[in-house]
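Under UniProt numbering, the first residue of the sequence shown is numbered 1, with each subsequent residue one higher.
Backbone N, C-alpha and C fix where the C-beta goes; we use that ideal spot for every residue, glycine too.
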Amino acid sequence: MRAIIMAAGMGTRLRPLTDNCPKSLVKVAGQPIMERQIEFLREKGIEDIIIVTGYMADKFQYLKEKYGVNLIYNDKYNVYNNIYTMYLVRDYLKNSYVTEADVYMTKNFFKNDLEYSTYFSGIKEDFKSEWKFHFDKKERINDIEVGDGTDYIMCGISYWTEKDGKIIKKALEDAVQNENFNKLYWDDVVNKCLKEAEVYITKIDSNDWFEIDSVKDLLKAEEYLKTFQW
Numbered sequence: 001m002r003a004i005i006m007a008a009g010m011g012t013r014l015r016p017l018t019d020n021c022p023k024s025l026v027k028v029a030g031q032p033i034m035e036r037q038i039e040f041l042r043e044k045g046i047e048d049i050i051i052v053t054g055y056m057a058d059k060f061q062y063l064k065e066k067y068g069v070n071l072i073y074n075d076k077y078n079v080y081n082n083i084y085t086m087y088l089v090r091d092y093l094k095n096s097y098v099t100e101a102d103v104y105m106t107k108n109f110f111k112n113d114l115e116y117s118t119y120f121s122g123i124k125e126d127f128k129s130e131w132k133f134h135f136d137k138k139e140r141i142n143d144i145e146v147g148d149g150t151d152y153i154m155c156g157i158s159y160w161t162e163k164d165g166k167i168i169k170k171a172l173e174d175a176v177q178n179e180n181f182n183k184l185y186w187d188d189v190v191n192k193c194l195k196e197a198e199v200y201i202t203k204i205d206s207n208d209w210f211e212i213d214s215v216k217d218l219l220k221a222e223e224y225l226k227t228f229q230w
């Protein structure tokens, strides 16, 4: 089991904090967001960690010595969405976690015994333009859409089995080679594979994670952590 951390983005909505620092290395409660993910992965025995960098790639070099991670550079980080990041690491997708590097986890909900591909998902209220899931009584996902409301949404952390990793690898290759993929995200590719792939949700609590997209998000997370029982 390994993990792929997507950290190529520019984090424009988190400026000015990202003027001189990648979004995933911004600190929440004194710790870089990404380092918390890495330490949680290692707690679960997952030490094969790949970080895909882009914006300010040099800032991630210290993580190689500190945690023994592998770095892959996305030279088109400012051209395409994260579909291209995943295309670059498509050969590593099977039996792998995929995480968005701006997800601050208040709880270590990584699992090292997953049998099926899964999106970790919790309920958020009154959201706007979030990826939300449609799933059956067995919690198998049959559709993913971007929308508003109160529902189970994508938290930015997923896991992919060997079988489904191969399916999505092929779909990524087809998308990049044959389609106009400029506006696609990698989850758009997954959505097209849901009839063939077997993907479920794993439910988590709404405060188990915070996506740090803006200064407002950062302040909200830190305010919650003041009352968090460690």
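Return the residue from the list the options that minimises the CA-CA distance to residue i.
| i | options | result |
| --- | --- | --- |
| residue 220 | 150, 106, 57 and 196 | 106 |
| residue 116 | 101, 149, 141 and 7 | 141 |
| residue 168 | 14, 74, 76 and 188 | 188 |
| residue 101 | 198, 28 and 76 | 28 |
| residue 205 | 194, 227, 153 and 196 | 153 |
| residue 23 | 195, 215, 209 and 170 | 215 |
| residue 227 | 207, 120, 212 and 211 | 207 |
| residue 8 | 76, 225, 41 and 65 | 76 |
| residue 166 | 135, 201, 12 and 89 | 89 |
| residue 67 | 37, 121, 192 and 93 | 37 |
I'd like to check one pair, residue j with residue i: are the Cβ atoms closer than 8 Å?
| i | j | result |
| --- | --- | --- |
| residue 18 | residue 52 | no |
| residue 4 | residue 34 | no |
| residue 70 | residue 50 | yes |
| residue 118 | residue 199 | yes |
| residue 74 | residue 45 | no |
| residue 112 | residue 10 | no |
| residue 172 | residue 87 | yes |
| residue 103 | residue 21 | no |
| residue 79 | residue 218 | no |
| residue 201 | residue 133 | yes |
Under the criterion of a Cβ to heavy atom distance below 7 Å, does residue i qualify as lining the ligand GTP?
| i | result |
| --- | --- |
| residue 130 | Only the bare structure without any ligand can be found here, which leaves the ligand GTP out of the picture. |
Buried or exposed: which applies to residue i, given that a residue is buried once 16 or more other Cβ atoms fall within 10 Å of its Cβ?
| i | result |
| --- | --- |
| residue 203 | exposed |
| residue 223 | exposed |
| residue 159 | buried |
| residue 177 | exposed |
| residue 264 | Since the first residue shown for the chain is 1 and the last is 230, residue 264 is missing from the structure and cannot be characterised. |
| residue 15 | exposed |
| residue 91 | exposed |
| residue 161 | buried |
Would you say residue i reaches chain D, if we count a Cβ-Cβ gap shorter than 8 Å as a contact?
| i | result |
| --- | --- |
| residue 4 | Considering every chain present, this structure includes no chain D. It has just one protein chain. |
Which runs of the beta strand (DSSP E), 3 residues or longer, sit entirely within the region 112 to 160?
Segments of the beta strand (DSSP E) lying fully in the region 112 to 160: 117 to 135 and 141 to 160.
If contact is defined by three or more beta carbon pairs under 8 Å, each pair taking one atom from either stretch, is the region 117 to 134 in contact with the region 147 to 156?
yes
Report the residue ranges of all alpha helix (DSSP H) runs contained in full by the UniProt domain "Nucleotidyl transferase" (3 to 106); include only those spanning at least 4 residues, in chain order.
33 to 43, 62 to 67 and 82 to 88
Length-filtered (4 minimum) alpha helix (DSSP H) runs lying within the region 177 to 205
186 to 192
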